[in-house]
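Each remark here refers to the structure printed beneath this line.
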Amino acid sequence: LQQGRVAMSIELWPSWAPSLDDPAVSKVAGLVEINAAPGEKTGPAPMLGTWLLGVAADAPNAEEAKDFVTFVTSPEMQKRIALEVGIPPTRASVYGDPEVVAKYRWYPNQREALMNARPRPRITQWSKVEAILGDYLQLALIGEMAAKDALAEAQARIERALSR
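The opening residue of the sequence shown carries number 123 in the working numbering; numbering runs sequentially from there.
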């Protein structure tokens, strides 16, 4: 995408997006828009991969842990993390903050997409499925396997992994 050889990407991790607007590494700086992919039967519903913060009921320092979760997810800290580290916020309000949008112009579109996001199906073997599929998609993308062969091999290996 950065080199202008790909017109669209279904999955673009938010941490990769800033490089698209960096003229030092991107031939398409300022030309790429980020929007939710269209849905097949309903409107757009991007995949939602989640990281969760929680505190075990019997944690030895439960109150301190709860205070930390409150602190790290506060609007102020989410803004700081977005601006200084580049990790997208967990709060919808931060996606529209003028200072944040000035740095990450696609955040309003990203927030809109996230409003309809759905979690990907959870299965015990997901990490195996993801690794297998990723490996074979990569082989197809770099031309080491024909796409049809890569997908067939990925399917066979995924089916074996799921049957164990």
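The beta carbon of each residue, even a glycine, is placed where N, CA and C say it ideally should be.
Contacting residues, own chain, Cβ-Cβ under 6 Å from residue i (five flanking each side not counted)
| i | result |
| --- | --- |
| R213 | P197, Q200 |
| R279 | I254 |
| M267 | L261 |
Simplified DSSP state of residue i, which is helix, strand or coil
| i | result |
| --- | --- |
| L170 | strand |
| P230 | helix |
| R240 | strand |
| M199 | helix |
| A129 | coil |
| Q277 | helix |
| L142 | helix |
| G256 | helix |
| E155 | coil |
| A187 | helix |
Own chain residues within Cβ distance below 7 Å of residue i, not counting five before or after
| i | result |
| --- | --- |
| A179 | none |
| V222 | K201, A204, L205, V216, Y229 |
8 Å Cβ shell around residue i - same chain, five flanking residues per side excluded
| i | result |
| --- | --- |
| E133 | M169 |
| V207 | none |
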